[in-house]
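Numbering (this note's numbering), first residue to last: 771 to 1403. From the three backbone atoms N, C-alpha and C, an ideal C-beta is built for every residue, glycine too. Working notes, beginning with the structure itself.
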């Protein structure tokens, strides 16, 4: 067999390998890279949108990331970490869109609000405690909470229609949540890598064996079409084959991989087939998991954009299969058991009888049972509007534990050899959403000298917050988010259906009566306010009622400036606002109020300037540091 020698070999062509390969070539364009994928295209297993149990995980609404302690306190440590990691992903995607490595953002990411929704007194109390705990981090700035059924019906009308009014309900909402099609991202990045010199992607190729020889890895690859083998030698090997990684890690023989086992959990969803129902729900609504349920089984009513089409899914319903991959073998679980991991497997099984009972119950669900679960979130659901969709496989990690022999571990884990020549990714959710942070971990572990010798500078160019804490730096958090929102086109234009939000200020004689009319009669939402003015969310546009009586009725003081009560304008993205200010200045038009930043460091921080038109009408042009805070209080 002919042998090749390369710098990097990536096993699997999902989101992890796509991200790692992209980062490595950004850091060193001269690296020789080979990617081997057993399927005939990229991202057909866990990364595919229909196989991914959840998307856009940013800890805004996933209640399993914020466990409640015995004393009623809520630990947000994991939520903070995941939210920071998702911001890293957005930063890389923004950079890759700018360079042309990724397609137009609307092909793979959309703004979809994230809601956590609960019912019952205990659950409502938990959600309030969670909300209070999350307010300590700028990563969750702008989160809203409500127990008002009318407000919840505005956020997600379908979940409130037909609901028992005697049962207390509550929800939190983050307007800046996202839906992400990781299949599109992975296929785009793998396709782009395949065009670069020194990179080749081989589909229909399965890695059958690997051995460490003479300081490099000797990888045996089987061509599934020609049924022939080839040998590839590589200085660095990444195992990113989803459920297939465990078998390859065991074959590697590295001591760091000893004792790992896997427990496969399959997934199913109900998919809505009624376009009218799909159009009436635009949110990711997450609830609390059942006792014993794995994290991937947290129920959610989920707006998903898949290959440009809007969908509505509910689930997941868990099942059990001995396969480690959707296209795998029923012998996968049996083949993964060996002398080094049988004790952890048995111990973890004995400690997780609740999970066993949960999975048995899920397997026995009939169509009516599934619809009954759906109606807890969508009381008016009709049988004929939903059909069953088979999702992918997840392999939960079982590892050695010095106190309990073995334990079942949810989440993802990177296993690397002492010399950094091989890395393997095990586990499941939040997985894809935090792929950038996970692959940065691989790079810093396996290439520490190169990171210190110059790669770190390039990483800081790509990722503004790399190595820095967004949790500890509110200004950086707001800056990073605003930049990603602009670069990925996630701001106002998306929220307002393609229309830039309008801004209109007008005089009123009674603020209380004005609020009662605009909110109680017209259905607008009151936003920021002062003693002499109130902002309203007016179907996505910003209107401001200014008290025009007493003193000078034509002007009000706002943040130290005398503002004409009657004025109008638009709310622009920051770059567009700066460009317009420059055009006005270049044209020699005098500013009524020169460009300035109002409310610095506060929720409503915004850039603004005023000019008069030739007839003396006052116009205001403004922009928000964080576009999603247009109506935040």
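Return helix, strand or coil for residue i, following the three-state DSSP convention.
| i | result |
| --- | --- |
| residue 1217 | coil |
| residue 827 | coil |
| residue 1197 | strand |
| residue 1301 | coil |
| residue 1265 | Reliability fails at residue 1265, whose pLDDT of 45 lies under 50, so the model's placement of it is uncertain and the value that follows must be treated cautiously. Reduced to three states, the DSSP call for residue 1265 is helix. |
| residue 1320 | Summary for residue 1320: the model assigns pLDDT 47, below 50, so the residue's position carries little reliability, and this model does not support an answer. |
| residue 820 | coil |
| residue 1044 | coil |
| residue 905 | coil |
| residue 1234 | coil |
| residue 931 | coil |
| residue 1370 | coil |
| residue 1186 | strand |
| residue 1346 | helix |
| residue 1212 | helix |
| residue 996 | coil |
| residue 889 | strand |
| residue 1255 | helix |
| residue 1099 | coil |
| residue 780 | strand |
| residue 1312 | strand |
| residue 1206 | helix |
| residue 1081 | strand |
I think residue i touches residue j, with their Cβ atoms under 8 Å apart; what is that distance to the nearest whole Å?
| i | j | result |
| --- | --- | --- |
| residue 849 | residue 836 | 5 Å |
| residue 834 | residue 1068 | 5 Å |
| residue 880 | residue 1075 | 5 Å |
| residue 1047 | residue 1082 | 7 Å |
| residue 1402 | residue 1374 | 7 Å |
| residue 986 | residue 1003 | 5 Å |
| residue 956 | residue 785 | 4 Å |
| residue 862 | residue 1233 | 6 Å |
| residue 831 | residue 776 | Rounded, the Cβ-Cβ distance is 42 Å, inconsistent with contact. |
| residue 1008 | residue 1161 | So it is not a contact: roughly 25 Å between Cβ atoms. |
| residue 922 | residue 941 | 5 Å |
Using the beta-carbon count (16 or more within 10 Å), is residue i buried or exposed?
| i | result |
| --- | --- |
| residue 920 | exposed |
| residue 882 | buried |
| residue 1262 | Confidence is the limiting factor: at residue 1262 the pLDDT is only 49, short of 50, which leaves the residue's position unreliable, though a coordinate-based value still follows. Result: buried. |
| residue 1086 | buried |
| residue 1240 | buried |
| residue 1267 | Here the model assigns residue 1267 a pLDDT of 44, short of 50, so the residue's position is not dependable and the matter cannot be decided. |
| residue 933 | buried |
| residue 1395 | buried |
| residue 1025 | exposed |
| residue 1020 | buried |
| residue 1393 | buried |
| residue 1371 | exposed |
| residue 1312 | buried |
| residue 857 | buried |
| residue 1231 | exposed |
| residue 829 | buried |
| residue 1158 | exposed |
| residue 926 | buried |
With residue i as the anchor, note down where its beta strand (DSSP E) starts and where it stops.
| i | result |
| --- | --- |
| residue 1376 | 1376 to 1382 |
| residue 993 | 986 to 993 |
| residue 1339 | 1337 to 1341 |
Establish whether the CB of residue i and some CB of chain D are separated by less than 8 Å.
| i | result |
| --- | --- |
| residue 1297 | The chain inventory of the structure shown lacks chain D, comprising one protein chain alone. |
Would you say residue i and residue j are within 8 Å of each other, going by their C-beta atoms?
| i | j | result |
| --- | --- | --- |
| residue 1340 | residue 1362 | no |
| residue 796 | residue 1228 | yes |
| residue 886 | residue 897 | yes |
| residue 1001 | residue 1154 | no |
| residue 1147 | residue 1057 | yes |
| residue 952 | residue 869 | no |
| residue 805 | residue 960 | yes |
| residue 1390 | residue 1337 | yes |
| residue 1053 | residue 1073 | yes |
| residue 782 | residue 1013 | no |
| residue 1031 | residue 803 | no |
| residue 901 | residue 950 | no |
| residue 1245 | residue 1397 | no |
| residue 735 | residue 808 | Because residue 735 is not part of the residues shown, which for the chain are 771 to 1403, the question remains open. |
| residue 970 | residue 964 | yes |
Just curious, the alpha helix (DSSP H) that residue i is in, first and last residue?
| i | result |
| --- | --- |
| residue 791 | 785 to 797 |
| residue 858 | 847 to 869 |
| residue 952 | 952 to 963 |
| residue 1139 | 1137 to 1145 |
| residue 924 | 919 to 925 |
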